[in-house]
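The numbering used here numbers the first residue of the sequence shown as 94 and each following residue consecutively. Notes to accompany the following structure.
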Amino acid sequence: MLHLEDYVKEFNRALQVEIEHQKENGGRLYIIQDGLLLDNRDHFIYRFVMDQEMSLPDGTPVYVKIDDKTVPGNVISLEGFDLILALEQNIGTEVHEAQLICEPWFLLEALQKRLEKINQKNTFLASSVLTGNQVKIKNPEQLKTGQQGKNCEVCRFVLNNAVVFIWGPPGTGKTETLARITNELLSSNERVLILSHSNVAVDEAVARIASVTSTYKEGDIVRYGFAQPAFLAKHRNLTSFYLAAKRRPELLHRYEQLKSEREKLKKIGRSKELASVEKELSNCRQEIRALEVFVIGNAKAVGTTLSKSVIDEAVFNSSWDTVIVDEVSMAYIPNVIFAASLAKRRIVLIGDFRQLAPIAMATAPLVNKWLKRDIFEKAGIVKAVDSGMDHPCLISLTIQHRMHPRIAGFPSIRFYGGRLENAPDVAKNVEPIIKDEPFPGEPLIMFDLSGLDIGSCILPDYTRFNLFSAFASISLAINSGKNNVAIITPYVAQGRLLRALISDLYPFKEDNSTPKCRASTVHKFQGSQSDLVIFDTVDSSGRPGTLVSSIDESSRLINVAVTRAKGKLILVCKRSYLEDSVSKNMPIRWLIQYAREKGKHYRLLNTFNSDLLGENDSKHLIWLENEKDIRSKLKEEIKNAKKIIGEFKSDWLESKTGQAILEELDKPDKNVVIKCNSTSPLKGTSLENDVIIKNFIPYSALLLIDNKVIWCGAQVRGEDRYLWVRYSGPKGVISIAGLLDFDLNKINDKKIVGLQDFVKSKSKCPLCGNPMTARLSKKGKIFLGCTTYPSCEGIKWLDIEIANEYLSFIEAHCPQCGSNLVARKGRNGLFVGCSNFPDCKMTFDLKDYLK
94 MLHLEDYVKE FNRALQVEIE HQKENGGRLY IIQDGLLLDN RDHFIYRFVM
144 DQEMSLPDGT PVYVKIDDKT VPGNVISLEG FDLILALEQN IGTEVHEAQL
194 ICEPWFLLEA LQKRLEKINQ KNTFLASSVL TGNQVKIKNP EQLKTGQQGK
244 NCEVCRFVLN NAVVFIWGPP GTGKTETLAR ITNELLSSNE RVLILSHSNV
294 AVDEAVARIA SVTSTYKEGD IVRYGFAQPA FLAKHRNLTS FYLAAKRRPE
344 LLHRYEQLKS EREKLKKIGR SKELASVEKE LSNCRQEIRA LEVFVIGNAK
394 AVGTTLSKSV IDEAVFNSSW DTVIVDEVSM AYIPNVIFAA SLAKRRIVLI
444 GDFRQLAPIA MATAPLVNKW LKRDIFEKAG IVKAVDSGMD HPCLISLTIQ
494 HRMHPRIAGF PSIRFYGGRL ENAPDVAKNV EPIIKDEPFP GEPLIMFDLS
544 GLDIGSCILP DYTRFNLFSA FASISLAINS GKNNVAIITP YVAQGRLLRA
594 LISDLYPFKE DNSTPKCRAS TVHKFQGSQS DLVIFDTVDS SGRPGTLVSS
644 IDESSRLINV AVTRAKGKLI LVCKRSYLED SVSKNMPIRW LIQYAREKGK
694 HYRLLNTFNS DLLGENDSKH LIWLENEKDI RSKLKEEIKN AKKIIGEFKS
744 DWLESKTGQA ILEELDKPDK NVVIKCNSTS PLKGTSLEND VIIKNFIPYS
794 ALLLIDNKVI WCGAQVRGED RYLWVRYSGP KGVISIAGLL DFDLNKINDK
844 KIVGLQDFVK SKSKCPLCGN PMTARLSKKG KIFLGCTTYP SCEGIKWLDI
894 EIANEYLSFI EAHCPQCGSN LVARKGRNGL FVGCSNFPDC KMTFDLKDYL
944 K
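Okay, structure coming up:
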């Protein structure tokens, strides 16, 4: 059997492989947009929108670059495309665009260093966790807090054992259990460290601990690190920063005074005085943070992230009787072993090995062994449970309080061996959600796209999207009365598309909090819950993807997606395709079968004329079916348009509506690009020789009109009938055009003149007289350089007059309101904005027009 030092050597080799993989594939710049300052009390908390979905662990050190200024900070959370950062300095109330520089392997390198010194810690406890050996506590304390029922059983088990695994399926109250355990340990005068994978989970745990330990004085329970704005608003007195500031009342008074002075100066625009105040504020913060170590040293219970326990001396050099790790099934095994080594007396590990496993990027055997498995598996817990045997270190939570029983029945049967029981009042508690739209009175619904001739598209990175399932999912969300809606999908591309639709249809709340509707991949939703969950499966043609990758992985994905729902779960799928293409042994087939037996089955085609999809408050998203109306409206829009990109199946072009639209497209005043699976419908037209042949066309017809409007139509199988969606939300249109490779500047298979070519015809080099061209500086700003460089080094900045002349030349219009686009000067240089400002605040990066 390996000794701990042998395990550590393997851990560090696995970590090194992952570090090298990340360095080869990461560490680059990311564009972040729509920055908004949410809170400036303890740190500068910003929300940004990422331009792509990625994985950044909570606590990852980052830099935000804006102009010539680079500001350090940390990731608080990344959910889907919504990034919350804590920055060291103020970069403005609103930030149009910035660059994010991150090195996520920093945390892995720090973990390697900590593991190298693990012999200075509790190696016996760390080894016992790895092997799953039972270790009894000598002379255990008796219960002191009057716990009842299951809490009493769990707390007694914890008091009697030094190595404790708590298995908690979804909704079984893992956070409540953690809080009760902590309260019991504090009553026995133990010092407790609470760790979790995410800042959100730490916030929830600390808030819950404080609510059940009301007899403790201020400073006994501390949240250390970067908390979410929602936590700061309610529980600032639990944060280490606030408690540290209170140790020096004069410093706290000066800090608050400076913040008030800063706000006044911002309003009157005194930049020199403002810079001085900002510098003094920064000095105050540094003084306060130096005092945090004393707060941590005197606290009885401290909650922070696993990553902070690795990089912060105030945590790993402190003495802790018990360490509790929440969400442990998502943590790397080396991380868990290091956490166990910090405990003098007891380690408590809480999680669910039926949900998502840890995520690592490399594929080497050591990485698979130590970074892609969870500690439950390594300790033999999973094997014991699967064999129907007890494990001496394990206690299970079995009563769920979240989901309606008809939703909970599926994971209980398929993933938890029937062990998951329903709390007596759970159905009553979620009744108000069930009564609401959509599908009042129904907790479980299969919304079936069968009957429509639609396809799902696969991108080069193998992620997928499906316009019709996205439109159906967002329409169902719009018609819901709930404030808490989650659209969950297996694919990054679909999540990106849904996120764009949400940006158009669900603006952020006035208090800058989370929008009513969120969309992302399954991985981003673990640990959360929503009143209504819409599970968009996407796949509808070709070979199925993620949902059938393997039974184990598919089970975890579907389990997490389903169990986020409290009162209503809607499965959006093309049932006929999945039943024809996927084995009955795969979890997605289990879910379809369960939904047919225990839920209600609705077909999109049968519900179209109801309020469900036919009518909604959004002007951007309209469903249409009447072919005569569609023909009339589409012809009118094309008649008034200048630029159209169309993608058609040949049989639709040969239909009555198709022929009418083709006739309109064939007029000489139109700039048109047509993609089709055959040239035969275009014979005899001026478009015949310019058609782009494309073998796979996912829908009957799809048109992008003047970069403002998307029309998408799909045929009803076996009928001469089509269902259409018209979409005009600007961010959704841009997203769809990008996914479909509809180059917004591509007309008749040629580029509209880009800014570089335009400049060549308008600007001469001041040194040699040759044409100049537009180039991008290292700092991301556009400048003009001589076309003969390096022979001639003539340069000058792009001026606003040339930029506006170019935008006028290409007839650039705002996709939001139709007004002209103009160049403006901002703090980051020139950008493109709507001429209808401030009524319309649409903006674009001038770099997008460079080529």
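All C-beta atoms, glycine included, are put in the ideal place defined by N, C-alpha and C.
query = Using 8 Å as the Cβ pair cut-off and three pairs as the minimum, do the stretch 850 to 861 and the stretch 817 to 827 touch?
reply = no
inquiry  = By DSSP's criteria, residue 946 is part of a beta bridge. Which residues make up the other side?
reply    = With the chain running from 94 to 944 in the structure shown, residue 946 is simply not present.
key: Coil, strand or helix - residue 913 by DSSP   = Position 820 of the sequence shown, counted from the start, is the residue given in the question as residue 913. Correct three-state label for residue 913: strand.
task = State yes or no: is the C-beta of residue 170 within less than 8 Å of the C-beta of residue 333?
result = Counting from one through the sequence shown, the residue named residue 170 turns up at place 77. Counting from one through the sequence shown, the residue named residue 333 turns up at place 240. Contact: no.
task = Please work out which residues of its chain come closer than 6 Å, Cβ to Cβ, to residue 624, disregarding the five sequence neighbours upstream and downstream, and give them in chain order.
result = Numbered from 1 along the sequence shown, position 531 holds the residue referred to as residue 624. Cβ within range, chain order: 526, 575, 577, 659 and 660.
task = May I have the straight-line CA-CA distance separating residue 827 from residue 467, to the nearest angstrom?
result = Working through the sequence shown from its first residue, we reach residue 827 at position 734. Working through the sequence shown from its first residue, we reach residue 467 at position 374. So the alpha carbons of these two residues sit roughly 40 Å apart.
request  = Could you work out which residue in 805, 766, 102 and 798 is closest to residue 787 when comparing CA atoms only?
outcome  = Within the sequence shown, the letter at position 694 stands for residue 787. Checking every option, the nearest Cα to that of residue 787 belongs to 766.
key: Sequence-distant residues of the same chain with beta carbon closer than 8 Å to residue 604, five excluded per side   = The residue given as residue 604 occupies position 511 in the sequence shown. For residue 604, the predicted structure reports a pLDDT of 45, less than 50, and the residue's modelled location is therefore unreliable. The matter cannot be settled from this model.
key: Meets three-Cβ-pair contact criterion under 8 Å: the stretch 209 to 227 and the stretch 421 to 435   = yes
request  = Look at the Cβ atom of residue 445, then the Cβ atom of residue 262, and state whether they are nearer than 8 Å.
outcome  = Taking the sequence shown and counting its residues from 1, the one referred to as residue 445 is at position 352. Taking the sequence shown and counting its residues from 1, the one referred to as residue 262 is at position 169. Yes, these two residues count as a Cβ contact at 8 Å.
query = DSSP puts residue 786 in a beta bridge; with which residues?
reply = Reading the sequence shown from its first residue, position 693 is the one you call residue 786. Answer is 769, bridged to residue 786.
6 Å CB neighbourhood of residue 509 in its chain, flanking five on each side removed = What you label residue 509 is simply residue 416 of the sequence shown in a count that begins at 1. The residues are 262.
query = Does the Cβ of residue 303 have 16 or more other Cβ atoms within 10 Å, making it buried, or fewer, making it exposed?
reply = By one-based count along the sequence shown, residue 303 stands at place 210. Buried, since its Cβ has 16 or more Cβ neighbours within 10 Å.
message = Is it buried or exposed, residue 398, if we count other Cβ atoms within 10 angstroms and call 16 or more buried?
response = Within the sequence shown, the letter at position 305 stands for residue 398. The residue is buried, with at least 16 neighbouring Cβ atoms inside 10 Å.
Residues bridged to residue 679 [DSSP beta-bridge criterion] = Start at 1 with the first residue of the sequence shown, and residue 679 comes out as number 586. Partner(s): none; residue 679 has no beta bridge.
task = Flag this pair as yes or no: are the beta carbons of residue 795 and residue 751 separated by less than 8 Å?
result = As a working note, residue 795 is residue 702 in the sequence shown. As a working note, residue 751 is residue 658 in the sequence shown. It is not a contact, given that the beta carbons lie outside the stated cut-off.
task = Compute the Euclidean distance between the alpha carbons of residue 835 and residue 552, then round it to the nearest angstrom.
result = By one-based count along the sequence shown, residue 835 stands at place 742. By one-based count along the sequence shown, residue 552 stands at place 459. Each residue's alpha carbon lies about 13 Å from the other.
inquiry  = Three or more C-beta pairs under 8 Å: does that hold for the stretch 407 to 418 against the stretch 279 to 287?
reply    = Contact check between the stretch 407 to 418 and the stretch 279 to 287: three or more CB pairs, one atom from each, fall below 8 Å, which counts as touching.
ask   = Buried or exposed: where does residue 153 fall if 16 or more other Cβ atoms within 10 Å of its Cβ makes it buried?
value = Within the sequence shown, residue 153 is the residue found at index 60, counting from 1. Buried.
query = Given a threshold of 16 other Cβ atoms within 10 Å of its Cβ, counted over all protein chains shown, does residue 959 qualify as buried or as exposed?
reply = Since the first residue of the chain shown is 94 and the last is 944, residue 959 is not available in this structure.
ask   = Where in the stretch 203 to 254 do unbroken runs of the alpha helix (DSSP H), each at least 4 residues long, occur, reported from the N-terminal end onward?
value = 216 to 224 and 242 to 253
task = Indicate whether at least one CB of chain D lies closer than 8 Å to the CB of residue 283.
result = The structure shown contains no chain D; it holds only a single protein chain.
message = In the DSSP assignment, the beta strand (DSSP E) including residue 139 goes from what residue to what residue?
response = Residue 139 sits at position 46 when you count from the first residue of the sequence shown. 137 to 143 is the extent of the beta strand (DSSP E) around residue 139.
Rounded C-alpha distance that separates residue 187 from residue 249 = Walking along the sequence shown from the start, residue 187 turns up at place 94. Walking along the sequence shown from the start, residue 249 turns up at place 156. Going by the C-alpha atoms only, they are around 52 Å apart.
ask   = How about residue 86 and residue 229: do their beta carbons lie closer than 8 Å?
value = One cannot answer for residue 86 here, as it falls past the ends of the chain, which runs 94 to 944.
ask   = Distance, Cα to Cα, residue 840 vs residue 755?
value = Counting from 1 along the sequence shown, the entry for residue 840 is found at position 747. Counting from 1 along the sequence shown, the entry for residue 755 is found at position 662. In this prediction, residue 840 has a pLDDT of 39, which is less than 50 and means its spatial position is unreliable; what the coordinates show is noted afterwards. Going from the Cα of residue 840 to the Cα of residue 755 covers about 16 Å.
query = Given residue 101, which residues of its chain have a CB within under 7 Å of its CB, disregarding the five upstream and five downstream residues?
reply = In the sequence shown, residue 101 corresponds to position 8, counting from 1. Hits under 7 Å: 208 and 211.
Residue 109: first and last residue of the uninterrupted alpha helix (DSSP H) it sits in = On the sequence shown, position 16 is the one that residue 109 refers to. That run of the alpha helix (DSSP H) goes 97 to 118.
request  = Rounded to whole angstroms, what's the CA-CA distance from residue 223 to residue 473? Just pull it up for me.
outcome  = For the purposes of this step, residue 223 is taken as the residue at position 130 of the sequence shown. For the purposes of this step, residue 473 is taken as the residue at position 380 of the sequence shown. Roughly 9 Å between the two C-alpha positions.
inquiry  = Does residue 644 pass the burial test, meaning 16 or more other C-beta atoms within 10 Å, or should it be called exposed?
reply    = Locating residue 644 in the sequence shown gives position 551, where the first residue counts as 1. Exposed.
ask   = Looking only at its own chain, which residues have a Cβ that is under 8 Å from the Cβ of residue 842, when we skip the five neighbours before and after it?
value = Taking the sequence shown and counting its residues from 1, one reaches residue 842 at position 749. Bear in mind that the predicted position of residue 842 carries a pLDDT of just 36, short of 50, making it unreliable; the figure below should be weighed with that in mind. 766, 783 and 785, listed in sequence order.
ask   = Quick one: what does DSSP say residue 713 is sitting in, helix, strand or coil?
value = What you label residue 713 is simply residue 620 of the sequence shown in a count that begins at 1. The answer is coil: DSSP assigns residue 713 none of H, G, I, E or B.
ask   = Is the beta carbon of residue 366 sitting closer than 8 Å to the one on residue 358?
value = By 1-based counting over the sequence shown, the position of residue 366 is 273. By 1-based counting over the sequence shown, the position of residue 358 is 265. In this structure, residue 358 lies closer than 8 Å to residue 366 by Cβ.
inquiry  = Is it buried or exposed, residue 267, if we count other Cβ atoms within 10 angstroms and call 16 or more buried?
reply    = As a working mapping, residue 267 is identified with position 174 in the sequence shown. Buried: at least 16 other Cβ atoms inside 10 Å.
message = Here's the rule I'm using: 16 or more other beta-carbon atoms within 10 Å means buried, otherwise exposed. How should residue 515 be labelled?
response = Taking the first residue of the sequence shown as position 1, residue 515 is located at position 422. The residue in question, residue 515, is buried, as its Cβ has 16 or more Cβ neighbours within 10 Å.
query = Is it right to say residue 557 is buried, meaning 16 or more other beta carbons lie within 10 angstroms of its own, or is it exposed?
reply = On the sequence shown, residue 557 is found 464 positions in, with the first residue counted as 1. Buried: at least 16 other Cβ atoms inside 10 Å.
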